[in-house]
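When the count follows our numbering, it moves up by one through the sequence shown with no breaks and lands on 74 for the last residue.
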Amino acid sequence: IINEQVRAEMRRILTEIQNGTFAREWILENQAGRPSLTAYRRQEAELLIERVGRTLREGIMGMKARRTSV
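Structure follows, in structure tokens:
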């Protein structure tokens, strides 16, 4: 639900994009080897929904492999 708090956050983010803050932070993050992005991706990979999705994808790929080999 987009309420006033969400709108304010979206405006803040847009301002950071427009004034170059986001670009400067992204450049620094990349120059440092992307430590924050890497940590975030690790955390996200361990969420239950991601683990279930990974298991389902592995199962589907296994089913396809069995079908093509028969």
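All C-beta atoms, glycine included, are put in the ideal place defined by N, C-alpha and C.
As assigned by DSSP and simplified to three states, the class of ASN34 = Within the sequence shown, residue 34 is the residue found at index 30, counting from 1. Helix, per DSSP.
Where the alpha helix (DSSP H) through GLU50 begins and ends | By 1-based counting over the sequence shown, the position of residue 50 is 46. That residue, GLU50, is in no alpha helix (DSSP H); it is neither H nor E in DSSP.
Straight-line gap, ARG28 to GLN9 (C-alpha atoms, nearest Å) = The sequence position of residue 28 within the sequence shown is 24, counting from 1. The sequence position of residue 9 within the sequence shown is 5, counting from 1. C-alpha separation (whole angstroms): 25 Å.
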